[in-house]
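The block underneath contains the structure these notes are about, expressed in C-alpha cells.
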Amino acid sequence: MTTKQIRDTFGDIADGEVTTQRHSLAGRVMLLRRQGKVAFAELRDQHGAIQLFARSNDLERFDAFGDLNLGDWIGARGFVGKTKKGELSLFIDSFVLLARAQRSFGDKWHGISDVDTRYRQRYVDLWANPETRVALTRRFRMVSKMRRYLEDLNFIEVETPLLHPIAGGALAKPFITHHNSLDMELYLRIAPELYLKRLIVGGFDKVFEIGRVFRNEGISPRHNPEFTMLELYEAYADYQDMMTLTENLVAYLVFDAFGTTKISYQDREIDFTTPWRRATLEDLTSESLGYEISLETPIEKLKEIADGLGIVGDSKWGSGKYLLEIYERTTESSLWDPVFVMDFPREVSPLSRDHRSKADRVERFEAIVAGRELANAFSELNDPIEQRRRFAHQVELAQGGDDEAMNMDEDYIRALEYGLPPTGGLGIGIDRLAMLLCDASQIREVIAFPALRKETL
RNA sequence: GCCCUCCUGGCGCAAUGGUUAGCGCAACGGACUUUUAAUCCGGCGGUUCUGGGUUCGAGUCCCAGGGGGGGCACCA
237 MTTKQIRDTF
247 GDIADGEVTT
257 QRHSLAGRVM
267 LLRRQGKVAF
277 AELRDQHGAI
287 QLFARSNDLE
297 RFDAFGDLNL
307 GDWIGARGFV
317 GKTKKGELSL
327 FIDSFVLLAR
337 AQRSFGDKWH
347 GISDVDTRYR
357 QRYVDLWANP
367 ETRVALTRRF
377 RMVSKMRRYL
387 EDLNFIEVET
397 PLLHPIAGGA
407 LAKPFITHHN
417 SLDMELYLRI
427 APELYLKRLI
437 VGGFDKVFEI
447 GRVFRNEGIS
457 PRHNPEFTML
467 ELYEAYADYQ
477 DMMTLTENLV
487 AYLVFDAFGT
497 TKISYQDREI
507 DFTTPWRRAT
517 LEDLTSESLG
527 YEISLETPIE
537 KLKEIADGLG
547 IVGDSKWGSG
557 KYLLEIYERT
567 TESSLWDPVF
577 VMDFPREVSP
587 LSRDHRSKAD
597 RVERFEAIVA
607 GRELANAFSE
617 LNDPIEQRRR
627 FAHQVELAQG
637 GDDEAMNMDE
647 DYIRALEYGL
657 PPTGGLGIGI
667 DRLAMLLCDA
677 SQIREVIAFP
687 ALRKETL
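The working numbering puts the first sequence at residues 237 to 693.
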C-alpha cells in the first residue's frame, strides 16, 4: 500500500485503536524518535507520510530499527492503528532495510536553502523541500490534462524530428551538432512548426506535439535553453478559432488545478475567466502611449518614438519592426490579465497569413498573461509564392547580420506547393504556463533539472 | 554581454580587523515503553571557495580567479 491509501482507508478510526489488518509500506525514513523501548519514525513515500510505531516487545530487530539513518529506504509491515495521541500509525512488527542513505538530506527543519544545491541535486531538494515536489507534480499533471483535453477534441499527438537540417519555424539562434556518417551539420530544433504543417499537407487534420525545443540564448529567471512547447495545427481553422481554443484550454487547466479561474500569482490576482480580452497590437500600444500609433504612422515618427525609448534601430527595419519593438518596450509587460494581442505587422511574422481585411498586417495573435507571452498563434500562410518571398526577406536579414533570421526552406515551400489547407496554428510555452500554475517567479522552479554551468566535483 | 551581491563543519545559521572561529540540527556514544522539530547527558567534527595583497594581527579590508543569486539587455 501507499501512505495515502492507509490514510484514506483508516483515517477515521478511534484514538488508541489498533486494527487487525496487517499491511506493508515502503518509503524513506524522514524522522526518527527513539524513546527507550519504543520508537517512532516518519515514513515518507511519493504520496505523503505516515508514522511508524515500534515497540521492542513486538519488533524483533528493534535495535536495528533505532539505528536507521534519516534518508534510509525501508519496507515495514504491521497493523494499522492510532496512537493515544491520535496519530495514525503503522504498528510494525517487522521491517527491512532496502537501501542505506550515506549522505544527509539537510536540516530537518530548514531543509536545503542553498540554491545551487537545490537545482544541481534535485533528488535532495525533492526530499528536503516538499514545495519542489508540489510544483513539479502540478506541472506534470497539467501536461497530462492538456494531452487528454486535446485528444478529446480529436487532435492526434505526433512526433517530429528534433534534429533539423535547417533550423526553422521561429526566430532564434539554434544549437548546432554534427552527424558523423552523413557528414552534415544538424540543428536542434527551435520549433516543430514546419514539420507539423507538413503533416497537415499530408492529410492529418488536427495534430499536436508537446516537446522540447532548444534555443541558444542566455539563461534567465524566465529562460532555459531547452524548454517545452505545445504546438498544434488544425485544418480549416483560423486564428479566431485558435483564440477560442487557447482560452478554453488554459481556463480548463487553471480550473483543474485550483477549482476556480481566478488565481493568485505573485500576490496579484489573474482572472482567466473566458472570454479573454481581444485587442489589436496597435490599439493596445496607443493606449499605453497615450496617443495614436499604427502601421500608418510615418516611419520617421516611429523612429523618433523608438529613439526616445532607447531602442537602437537598424537601417533594415520597416514600420512593422519599429511598431513591434515599441509595443514590446511600452506595452507588453504592463498587460496582466489574459489578453489576445491581435494583428501583428506582416514584416515580423514570416509564417503568418495576410489579414483578410487589413493591409500589411497578418492574422496573428499573442496571448499575454502577467506581462509575458504565453501563446503565439496565427492563420498559417499557405501561399507558396508569398512564403518564398517572406523567406527571401529573412535571408536578406540574415546576410545583414541578423543571426536569428530564418533560412530558405525549399522543401517546406515544395510542401506548400502541394497545397496546405487553410490552417490555424498555436504554440504555448509549457514552462511559462506551469510558472503561472505554480506561482513560480523563476522558470527553474518548474523544471526538474534546469540548465546550469558545469559543475567541477 | 553589462551592473550589483553572496560563498564559514554534511545541513541551517553566528562571530565591532584582535586569544583556541561559536550555536542548532544531522552523524556518533549513553538514558528513557506513546513521541510529534521529543527531551536529557557525553564526546567528535572546520586550512572560513581558491590564489595573491594590506596589517603587529584577516572569516572580516583590497585585487584576481571559480561557483551561486538578483537586476538590465535579448528572447518564449
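A virtual CB, placed ideally from N, CA and C, is assigned to each residue, including glycine. Computed from a predicted model, the values in this text were never measured in an experiment.
Assigned exposure category for N621 - 16 Cβ within 10 Å defines buried | Residue numbering aside, residue 621 sits at position 385 when the first sequence is read from its first letter. Looking at the sequence provided, one finds Ile at residue 621 rather than Asn. With fewer than 16 other Cβ atoms within 10 Å, it is exposed.
Three or more C-beta pairs closer than 8 Å, one from the region 314-321 and one from the region 262-269: is that the case here?
-> no
Compute the Euclidean distance between the alpha carbons of R336 and E505, then round it to the nearest angstrom.
-> On the first sequence, residue 336 is found 100 positions in, with the first residue counted as 1. On the first sequence, residue 505 is found 269 positions in, with the first residue counted as 1. Distance between the alpha carbons of R336 and E505: 45 Å.
Residues bridged to E393 (per DSSP) = Translated into positions along the first sequence, residue 393 becomes position 157. The partner list for E393 (beta bridge, DSSP) reads F444.
State buried or exposed for L386, treating a residue as buried only when at least 16 other CB atoms are found within 10 Å of its CB.
-> The sequence position of residue 386 within the first sequence is 150, counting from 1. L386 should be labelled buried.
Would you call the region 665-683 and the region 642-657 touching, i.e. three or more CB-CB distances under 8 Å?
-> no
Element boundaries [beta strand (DSSP E), containing N612] | In the first sequence, residue 612 corresponds to position 376, counting from 1. N612 -> beta strand (DSSP E) spans 608-615.
Note the first and the last residue of the continuous alpha helix (DSSP H) segment covering E367.
-> The residue you call residue 367 lines up with position 131 of the first sequence. Taken as a continuous stretch (DSSP letters only), the alpha helix (DSSP H) holding E367 covers 366-388.
Residue environment, V682, which counts as buried when at least 16 other CB atoms sit within 10 Å = To locate residue 682, count along the first sequence from 1; it is residue 446. It is buried - the Cβ of V682 has at least 16 other Cβ atoms within 10 Å.
Measure the C-alpha to C-alpha separation of L693 and D352 and round it to an integer number of angstroms.
-> What you label residue 693 is simply residue 457 of the first sequence in a count that begins at 1. What you label residue 352 is simply residue 116 of the first sequence in a count that begins at 1. Because the pLDDT at L693 is just 49, under 50, the model does not fix this residue reliably, and the value given afterwards should be weighed accordingly. Whole-angstrom Cα-Cα distance: 13 Å.
For F491, which residues of its own chain have a beta-carbon under 6 Å away from its beta-carbon, when the five flanking residues on both sides are left out?
-> Residue 491 sits at position 255 when you count from the first residue of the first sequence. Cβ within range, chain order: T497.
If you measure from the CB of N460, is any heavy atom of the ligand SAM nearer than 8 Å?
-> Among the components modelled here there is no ligand, and therefore nothing to report on the ligand SAM.
Beta-carbon gap between A275 and A285 smaller than 9 Å | Residue 275 sits at position 39 when you count from the first residue of the first sequence. Residue 285 sits at position 49 when you count from the first residue of the first sequence. For A275 and A285, no; Cβs fall outside 9 Å.
Residue interval of the beta strand (DSSP E) (run including D329) = The residue you call residue 329 lines up with position 93 of the first sequence. Run containing D329: 324-335, per the beta strand (DSSP E) assignment.
Which term fits I562, buried or exposed, when burial requires 16 or more other beta carbons within 10 angstroms of its beta carbon?
-> Walking along the first sequence from the start, residue 562 turns up at place 326. Under this definition I562 is a buried residue.
Taking only the alpha-carbon atoms, compute the straight-line gap between D503 and D441 and give it to the nearest angstrom.
-> Start at 1 with the first residue of the first sequence, and residue 503 comes out as number 267. Start at 1 with the first residue of the first sequence, and residue 441 comes out as number 205. Near 41 Å, if we compare the C-alpha coordinates of D441 and D503.
Contact between the region 414-430 and the region 621-639 (3+ Cβ pairs under 8 Å) | no
Quick one: give me the first and last residue of the beta strand (DSSP E) that K318 is part of.
-> For this step, residue 318 is matched to residue 82 along the first sequence. First-last of the beta strand (DSSP E) with K318: 309-318.
In this structure, what does DSSP give as the bridge partners for F223?
-> The structure shown has nothing for residue 223, since the chain only spans 237 to 693.
Same chain, Cβ closer than 7 Å to N390, neighbours up to 5 away in sequence not counted = For the purposes of this step, residue 390 is taken as residue 154 along the first sequence, with counting starting at 1. Excluding residues within five positions, the ones whose Cβ falls inside 7 Å are K442.
Find out if the Cβ-Cβ distance for the pair I499, L304 is shorter than 9 Å.
-> For the purposes of this step, residue 499 is identified with residue 263 of the first sequence, where counting begins at 1. For the purposes of this step, residue 304 is identified with residue 68 of the first sequence, where counting begins at 1. No, Cβ-Cβ distance for I499 and L304 is not below 9 Å.
Using beta-carbon positions only, say whether V449 and L610 come within less than 9 Å of one another.
-> As a first step, residue 449 must be located in the first sequence, where it is residue number 213. As a first step, residue 610 must be located in the first sequence, where it is residue number 374. No. Outside cutoff.
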